[in-house]
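In what follows, a single structure is set out as structure tokens and then discussed.
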Amino acid sequence: MPYLAQETTRLQTALQALAAQQAALTTQLTTQQQAVTAAQAQRTNAQSGVTQAQARVAPLQAAAAAADAKVAEAQQDLLDGSEPPQGIPPATWRARLAALRKQLALAQTAATAAHAKVTEAQQGVAQAQAQVQAADRQIAAATAAVQATQAAIAAFQPRRQELQSALSEIERMNVEITRDPMARATVQQVAAQLSARTGTLEESLLVTRFELEDAEALLASSITRRNELTTLLANLATQIPEAEAQAAAAQEALAAAEAEVTTLLQDGPLG
Numbered sequence: 000m001p002y003l004a005q006e007t008t009r010l011q012t013a014l015q016a017l018a019a020q021q022a023a024l025t026t027q028l029t030t031q032q033q034a035v036t037a038a039q040a041q042r043t044n045a046q047s048g049v050t051q052a053q054a055r056v057a058p059l060q061a062a063a064a065a066a067d068a069k070v071a072e073a074q075q076d077l078l079d080g081s082e083p084p085q086g087i088p089p090a091t092w093r094a095r096l097a098a099l100r101k102q103l104a105l106a107q108t109a110a111t112a113a114h115a116k117v118t119e120a121q122q123g124v125a126q127a128q129a130q131v132q133a134a135d136r137q138i139a140a141a142t143a144a145v146q147a148t149q150a151a152i153a154a155f156q157p158r159r160q161e162l163q164s165a166l167s168e169i170e171r172m173n174v175e176i177t178r179d180p181m182a183r184a185t186v187q188q189v190a191a192q193l194s195a196r197t198g199t200l201e202e203s204l205l206v207t208r209f210e211l212e213d214a215e216a217l218l219a220s221s222i223t224r225r226n227e228l229t230t231l232l233a234n235l236a237t238q239i240p241e242a243e244a245q246a247a248a249a250q251e252a253l254a255a256a257e258a259e260v261t262t263l264l265q266d267g268p269l270g
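Right, dumping it as structure tokens:
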């Protein structure tokens, strides 16, 4: 029958459209899952940066404490030498006093530098922690996109089953109609089923149109999100080498500062 042939074609076309939409979403899902993996790797690197930055703080704090102790010692030496001792020529005492003042100034300079390096290291920790938090947000966004796409793919399954069931029903009707000889009761039953089927299909067609519009809107939104994540991955790929270079430069600067502080602390009192 022409009607059944047309209905078969319509259902097959609908199934093909669903398959095409699902294929597009599956491709998008792969990209989104890659974005999750990349964000997780970025977080691992950022957390490693936190650990390294935190490890630099304690030695610098110890150096700053030692520098403070040197300042206190120099201050006490200056206080003790503020009065000329008995039997010391005034010129000798003044020279010794000048040396003590210079020693105090050097100790204070070293302490200031040591505390500045502690502050710099602590700022490095805060920056690394901020990178971890940013990576966490990227993971959350990418994971949400994956879940949304998975939900969209799963939503196609009930509709596919409905269309396949309708195709099976039409095939059964065709078998009954083409049977020879054809029983009157069977013809009447098939006619009633076709009549009911017509009403159901008219309603189903309207619902399908709305569902297709919703699916197309979801697909467009998902494609937009995929493009955003692709851009994000490209940006991360360019930022990682720069961040690593900055971290290496900061580490070299800290090492140089630690060497400078150590040298200043090792300077003995001037005679």
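Numbering (numbering that gives the first Met the number 0), first residue to last: 0 to 270.
Ideal Cβ placement from N, Cα and C applies to all residues, glycine included.
Inset, instruction - Using 10 angstroms around the beta-carbon of threonine 237, count the other beta-carbons present and answer buried if the total reaches 16, otherwise exposed. - result: Position 238 of the sequence shown, counted from the first residue, corresponds to residue 237. Exposed, since its Cβ has fewer than 16 Cβ neighbours within 10 Å.
Inset, instruction - Kindly indicate the opening and closing residues of the alpha helix (DSSP H) around isoleucine 138. - result: Position 139 of the sequence shown holds residue 138. That run of the alpha helix (DSSP H) goes 89-177.
Legend entry - Cβ pair count under 8 Å reaching 3, the stretch 122-130 against the stretch 45-53: yes
Inset, instruction - Would you decide whether glutamine 137 is buried or exposed? Buried here means 16 or more other CB atoms lie within 10 Å of its CB. - result: Against the sequence shown, residue 137 aligns to sequence position 138. Buried, since its Cβ has 16 or more Cβ neighbours within 10 Å.
Legend entry - Where glutamate 82 falls: helix, strand or coil (DSSP): Position 83 of the sequence shown, counted from the start, is the residue given in the question as residue 82. Note: glutamate 82 maps to coil in three-state DSSP.
Inset, instruction - Pull up the distance between the alpha-carbon of glutamine 11 and that of alanine 216, whole angstroms please. - result: Here residue 11 is taken as the residue at index 12 of the sequence shown, counted from 1. Here residue 216 is taken as the residue at index 217 of the sequence shown, counted from 1. Distance between the alpha carbons of glutamine 11 and alanine 216: 22 Å.
Inset, instruction - Report buried or exposed for isoleucine 87, applying the criterion of at least 16 other Cβ atoms within 10 angstroms of its Cβ. - result: Position 88 of the sequence shown, counted from the first residue, corresponds to residue 87. Looking at its Cβ environment, which holds fewer than 16 other Cβ atoms inside 10 Å, isoleucine 87 is exposed.
Inset, instruction - Could you tell me if threonine 108 is buried or exposed, where buried requires 16 or more neighbouring beta carbons within 10 angstroms of its beta carbon? - result: In the sequence shown, the residue the question calls residue 108 occupies position 109. Classification for threonine 108: exposed.
Legend entry - For alanine 150 and leucine 228, the rounded distance between their alpha carbons: Locating residue 228 in the sequence shown gives position 229, where the first residue counts as 1. Locating residue 150 in the sequence shown gives position 151, where the first residue counts as 1. If I take the Cα positions, the gap works out to 18 Å.
Inset, instruction - Thinking glutamate 6 and isoleucine 169 are a contact (beta carbons under 8 Å), I'd like their distance in whole angstroms, please. - result: Here residue 6 refers to the residue found at position 7 of the sequence shown. Here residue 169 refers to the residue found at position 170 of the sequence shown. Their Cβ separation, rounded to whole angstroms, is 6 Å, which keeps glutamate 6 and isoleucine 169 in contact under 8 Å.
Inset, instruction - Measure from the alpha carbon of glutamate 275 to the alpha carbon of each residue in Glu72, Leu99, Val70, then state which is nearest. - result: Absent from the model: residue 275. The displayed extent of the chain is 0 to 270, so no value can be given.
Legend entry - Reference alanine 110; option with closest CA among Gln122, Ala73, Ala144: Taking the first residue of the sequence shown as position 1, residue 110 is located at position 111. Cα-wise, what sits closest to alanine 110 is Ala73.
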